[in-house]
Amino acid sequence: MSWIAKGIVNRTDHRLSMMLAVLSAGAALLLTLIVLFLIKESWPFLSSRWHSGSWFDWLQYQGWYPQENRFGMAPMLLASLAVTLGALIVALPVGLASAIYLQFYANPKVARTFRLLLTLLAGVPSVVFGLWGLTRIVPLIALWQPPGASLLAAILVLSLMVLPTIALTSAAALASVSGELLHGGIALGMRRKTQILHIMLPAARSNIFGGVLLATARALGETMAVLMVAGNVVQFPAGLFDPVRVLTANIALEMSYAMGDHRASLFASGLLLTAMVWLLSWGSYRVTRNGREAGQYG
Amino acid sequence: MLRIFIRLLLLMYVLASASVVQASGGRLTLTGSSTIAPLILEVAKRFESQHPGVRINVQTGGSSRGINDVRLGLADIGMVSRALKASEKDLSAYLIARDGIGIITHKNNPVRNLTGDQIVGIYSGKIRNWEEVGGSNLPITVINKAEGRSTLELFLQHFSLRNSQINAQVVIGDNQQGIKSVSAIAGAIGYVSIGTAEYEENHGTPIKLISMEGEIPTSENVAKGRYQFSRQLNLVVRNTPVGLAKEFIAFAQSDAVKDIIEAQFFVAP
Amino acid sequence: MVDRLFGWLMSGCAALVVSLLLWVLGDVLIEGVAHFSWSFLFTEPEDSGRSGGIAPILVSTLWILSIALVTALPLGLGVAVWLSEFAAGRRRFSDIARVTLDILAGVPSIVYGLFGNAFFSIYLGLGFSLLSGGLTLALMILPVFVRTCESGLRAVNDEWRRGALALGMARSAAIWHILLPAARPAIGAGLVLGIGRATAETAALVFTSGYVDRMPESPLDSGRALAVHIYDLSMNVTGGDSAAYASALVLVVLIVLLNTLAQSLLEDWFKRRVFVS
Amino acid sequence: MRVRDLEVGYGDKTVLSQVSLDIYKGCITALIGPSGCGKTSFLSTLNRLTDHSDARVAGQILFDGQDLLRDSVDTLGLRRRIGMIFQRPNPFPLSIRRNLELPLKEHGIRDRQVRYRKIEKVLKDVGLWEEVSDRLDASALALSGGQQQRLCIARALVLEPEVLLMDEPCSALDPISSGIVEELILRLRGRYTVVIVTHNLAQARRVANYAGFFWMTERVGKLIEFGLCRHLFEAPRHALTAAYVSGARG
Chain A
1 MSWIAKGIVN RTDHRLSMML AVLSAGAALL LTLIVLFLIK ESWPFLSSRW
51 HSGSWFDWLQ YQGWYPQENR FGMAPMLLAS LAVTLGALIV ALPVGLASAI
101 YLQFYANPKV ARTFRLLLTL LAGVPSVVFG LWGLTRIVPL IALWQPPGAS
151 LLAAILVLSL MVLPTIALTS AAALASVSGE LLHGGIALGM RRKTQILHIM
201 LPAARSNIFG GVLLATARAL GETMAVLMVA GNVVQFPAGL FDPVRVLTAN
251 IALEMSYAMG DHRASLFASG LLLTAMVWLL SWGSYRVTRN GREAGQYG
Chain B
1001 MLRIFIRLLL LMYVLASASV VQASGGRLTL TGSSTIAPLI LEVAKRFESQ
1051 HPGVRINVQT GGSSRGINDV RLGLADIGMV SRALKASEKD LSAYLIARDG
1101 IGIITHKNNP VRNLTGDQIV GIYSGKIRNW EEVGGSNLPI TVINKAEGRS
1151 TLELFLQHFS LRNSQINAQV VIGDNQQGIK SVSAIAGAIG YVSIGTAEYE
1201 ENHGTPIKLI SMEGEIPTSE NVAKGRYQFS RQLNLVVRNT PVGLAKEFIA
1251 FAQSDAVKDI IEAQFFVAP
Chain C
2001 MVDRLFGWLM SGCAALVVSL LLWVLGDVLI EGVAHFSWSF LFTEPEDSGR
2051 SGGIAPILVS TLWILSIALV TALPLGLGVA VWLSEFAAGR RRFSDIARVT
2101 LDILAGVPSI VYGLFGNAFF SIYLGLGFSL LSGGLTLALM ILPVFVRTCE
2151 SGLRAVNDEW RRGALALGMA RSAAIWHILL PAARPAIGAG LVLGIGRATA
2201 ETAALVFTSG YVDRMPESPL DSGRALAVHI YDLSMNVTGG DSAAYASALV
2251 LVVLIVLLNT LAQSLLEDWF KRRVFVS
Chain D
3001 MRVRDLEVGY GDKTVLSQVS LDIYKGCITA LIGPSGCGKT SFLSTLNRLT
3051 DHSDARVAGQ ILFDGQDLLR DSVDTLGLRR RIGMIFQRPN PFPLSIRRNL
3101 ELPLKEHGIR DRQVRYRKIE KVLKDVGLWE EVSDRLDASA LALSGGQQQR
3151 LCIARALVLE PEVLLMDEPC SALDPISSGI VEELILRLRG RYTVVIVTHN
3201 LAQARRVANY AGFFWMTERV GKLIEFGLCR HLFEAPRHAL TAAYVSGARG
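Chains as they are written, first to last, in our numbering: chain A, 1 to 298; chain B, 1001 to 1269; chain C, 2001 to 2277; chain D, 3001 to 3250.
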């Protein structure tokens, strides 16, 4: 499909090719550079943990008290996962339902307006969602269970943030399979619900899954909106109304105040986040590949 | 169109690199304590008006960031709202004002005074309702500061607590955030700079400073030594200050800024 | 009957989403308009932003955004062109580049902030400045921009490539005159994504470009971006909520405006040369 | 142009071998044969377009006394002298004028007036001038298929090549457009050397002076017979040729 390198004869072309190759190498080196810097900055922390034999302590619960030289990240890691999972549990069914409505029930005019609204919302900055959550959701929850800033508030705000992503990608996925399949279903005299749930959704599942992963990465990496509504107490959440602190918010909250091992530990948590994203994209690669293969035979 | 765009692009790069070269001119960067920052902002404005061409950038962070940035050379002067520790003797500090730390509650809270033991009880989670300290039946929302803030360090020191003993419902960053949280939650308790709290109280924010062991937290009492829980506000530099930094520190310590310090409810040294 | 119920359920969910989203947007609009006036855009903030305007903050935001775009656009286009047009002979290398970019695209913005602080602010000595912030954002939007442009270039009709070759045109000429203009929609989409992400970013800027809410005089000054301003107003300033909503309104409108502008600029740029959509 | 012992392969698969023929100046040479027997591959070796695929080419192609397969050949210059037309019309997504202007600019003609004169001339040559002179700045993609193909021919001609390679130039067009393009090719006879690949035997007979017949033997494409068009169709020397062209007679 592309032009093979040996076909370069013109001198300008040659120079361009060289220049662009260098640029691309630079872009690829970027990740290395980022990882290198994260390691370099977190090295004092990692190596001192290593030498004192308490390397895996950050995974065990011992609390986050940098002043007392105790760096337990497990509560924050768990909080990150809980918030992400919670947001997905809320947003996935509602988002899917919206996509189904958009694709199969709405008349074209309504669908266009709906889509426009979703696109607009997908572009709203997270800090605006945070502001809204802080001034609307948190006081609402506080009426019921003070102080209001809690795991629940974070989940609600985040799920609202990822809803447009899930709805839009799922709608696109459904649109790409709908045509022929729908006619086939009608010919078989199937009920609409059966067609959608048992034919369309399974056929589009690999693309829907891609959208969900995108939303997961966004939820996991979200900082400001969560920082603003989650209360930021480092603890294992025992209930929905407990305030929690997630990994990203911890960095934002303490980075500008941290020194020495404390600062290094924050870089280490950055490293941890990068590793999690990497795992996520590797997992999605595996799953979509399997999905595609299964799709061929199933 | 394209050509214009490319020229614009080049121009911007040239501008950017040119300014890198001239940046060291009349520029001073201060970072650190969010308690001192509003004060220094006002001092800097006056200093700038007397020294045209000089530009002073003030960044809030925390006292540790002030120390950190001065050490890394990111800032010319650090703002530190406590005395220097033994481990920080590589820096030199210049006292510009004094400030107290006071306990604040929501304005509608009837409690007027707490003893040290009560405060310890509340912060360690043993006392969970205002009823237990003579208030109305209202759960207590404990507001603590995030790691690295000198206010937190002084608070822990003063009450001989460790941060791991504290059982908080909300953790906040800056003074302002503490005041905002207390004003929004009826049962909240927090501790902030007296200067900041008095300023906010006078501007109609629904919070109030309550007395501790009978000592009333006002800047006047801090000045007269009638309120124990107080601290230094320092400007910190790496070596002996020279040039603009030296001038600025001298200015901040002089009588020329006394009115600013008082207007911010701090105490001139 | 079941079918009808299912339909109602789906429509109900959609209605719920719409009403929630309208609630958010409506709040921003109503609360924002209440505090907004034209002078809000053109005056300096006073009293920690409770009163006064956002002029220096707008200027800082635009500085950061232009530094980010000016850096990321040429770099991103270059990488995209290389990946789609030149990389065929070095499959291994280009595969590595692609996987790397995909991972980079998912890295949380706060991690870019950490990197920007360690690399630009401290290692390169740029300090807390608009330049540090802009460059950090450039890195952040680069991966998405490259991938969008690359897929756009790949989708360009291969027959045009052969046609250009058969006419003895240099590749560089074919790329510049035919392929890039033909990939315009994808480039536009990438640009919109980039502008959206860069303008909305808060976390990565807090410790690269800083908090200073004064008018920046050069890219080496620290400057507060609009998103950071909203964060500060809502978290740290009592009674700052209404100003925060007004700033949020400005931010949302700014993003929509910039996107429209970018799209039309791109159209204008290519219009005289290319006729394809 | 003399082709000697040409062999073309992709990977370890040889698609064309032992092809030798002469292409005469100013004549139209038609290459016929079933699909997949290497005609298009042969055509793309003539302007070194094979460089841009993973094809390997051996043998000799003498053009102006030089072997154009040697590495040192300036392929960009070569392609200016040897133009090519593809099966599907592929005008660039630009205006009609810019489609013709771009190659001229690329080959260093800086004077706009000169370019415009050349453009007008080739458009008249291919009979497009009357149809499009009032909308030179409209998109080339808005033209009909036949017009697009003539534009592509014009685009090749505007560089004043000596040889024109045509890869089934009419097969993607409707009969009327196809007829117009065929007339155009006939008009080019004498002024340009044309090599045309076609499946349409009747067309080959109508336009060509010389003809070559390709056939697959043992999965490798070979040139079975080459000669004057008349001879090849009316008195083929080879049995395969006879069988193939009889389709045209029948």
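For glycine and all other residues, C-beta sits at the position ideal for the given N, C-alpha and C.
Predicted, not measured: the structure shown is a model, and the values here were computed from it.
- In the structure shown, F71/A adopts extended strand secondary structure according to DSSP, grouped into three states.
- For A3058/D, the secondary structure class from DSSP, reduced to helix, strand or coil, is strand.
- According to DSSP, S1183/B shares a beta bridge with no other residue.
- Taking C-beta atoms as the reference points, S1181/B and V1170/B count as a pair closer than 8 Å.
- C-alpha of L174/A to C-alpha of A219/A: approximately 23 Å in a straight line.
- Short of 7 Å from the beta carbon of I196/A, and not among the five residues preceding or following it, lie these beta carbons of its own chain, in chain order: I100 and F104.
- Residues of the stretch 2236-2267 of chain C with a C-beta atom less than 9 Å from some C-beta of chain B are N2236, V2237, T2238, G2239, G2240 and L2265, listed in chain order.
- Neighbours of L1039/B in chain C, taken as residues at a C-beta separation under 9 Å, are lacking, since the least C-beta distance is about 13 Å.
- No Cβ of chain B is located within less than 8 Å of the beta carbon of V2081/C.
- Taking the beta carbon of Y65/A as reference, the chain B residues within 9 Å of it are E1147, R1162, N1163 and S1164, listed in sequence order.
- DSSP lists no beta-bridge partner residue for Q1050/B.
- Judged by beta-carbon spacing, R1055/B lies beyond the 8 Å limit of V1257/B, meaning their Cβ atoms are not closer than that value.
- The three-state secondary structure of T169/A, taken from DSSP, is helix.
- When secondary structure is reduced to three states using DSSP, A3208/D falls in the coil class, being assigned neither helix nor strand.
- Looking at the DSSP output, G2190/C sits in no beta bridge, so it has no partner there.
- Of the residues V2081/C, L2205/C and G2240/C, the one whose Cα lies closest to the Cα of I251/A is L2205/C.
- Beta-carbon to beta-carbon, G1073/B and V1236/B are separated by about 13 Å, too far to satisfy the 8 Å threshold.
- The Cβ of R1065/B sits closer than 8 Å to at least one Cβ of chain A.
- Contact between the stretch 1213-1221 of chain B and the stretch 1128-1138 of chain B is absent: fewer than three C-beta pairs spanning the two stretches fall below 8 Å.
- One Cα belongs to V3114/D, the other to L2254/C, and the distance between them is close to 48 Å.
- C-alpha of K1089/B to C-alpha of S1033/B: approximately 18 Å in a straight line.
- In the DSSP assignment, F1251/B falls within the unbroken alpha helix (DSSP H) covering G1243 to Q1253.
- Residues of the stretch 33-56 of chain A with a C-beta atom less than 8 Å from some C-beta of chain C are L33, I34, F37, L38, K40 and E41, listed in chain order.
- Membership of K3013/D in the beta strand (DSSP E) is indicated by the continuous run K3013 to D3022.
- For F3063/D, the pairing in a beta bridge is given by DSSP as Q3066/D.
- When C-beta distances to chain C are compared with 8 Å, the residues of the stretch 267-284 of chain A below that value are F267, G270, L273, T274, V277, W278, L280 and S281, in chain order.
- Judged by their CB atoms, E2085/C and I2175/C are nearer to each other than the 8 Å cut-off.
- Here S2247/C has I2054, L2226, H2229, I2230 and L2233 as same chain residues with Cβ atoms under 7 Å from its own Cβ, once five neighbours each way along the sequence are excluded.
- If you check each beta-carbon in the stretch 3104-3127 of chain D against every beta-carbon of chain C, the ones closer than 9 Å belong to K3105, E3106 and H3107.
- Contact check for Q2263/C against G2188/C passes: the beta carbons are separated by less than 8 Å.
- Listed along chain B are L1072, G1073 and L1074, each with a C-beta nearer than 9 Å to that of I2122/C.
- Of the candidates L240/A, T135/A, L163/A and D261/A, T135/A places its Cα closest to the Cα of G2240/C.
- Just measuring C-alpha positions, the residue of P44/A, P93/A and V162/A sitting nearest V226/A is V162/A.
- The shortest CA-to-CA distance from L2009/C to any of P237/A, L81/A, V94/A and L272/A is the one to V94/A.
- Taking a Cβ-Cβ threshold of 8 Å, the residues of chain A close to S2172/C are N10, T12, D13 and L16, in chain order.
- In this structure, A1075/B sits away from T1060/B, with a CB-CB distance that is not shorter than 8 Å.
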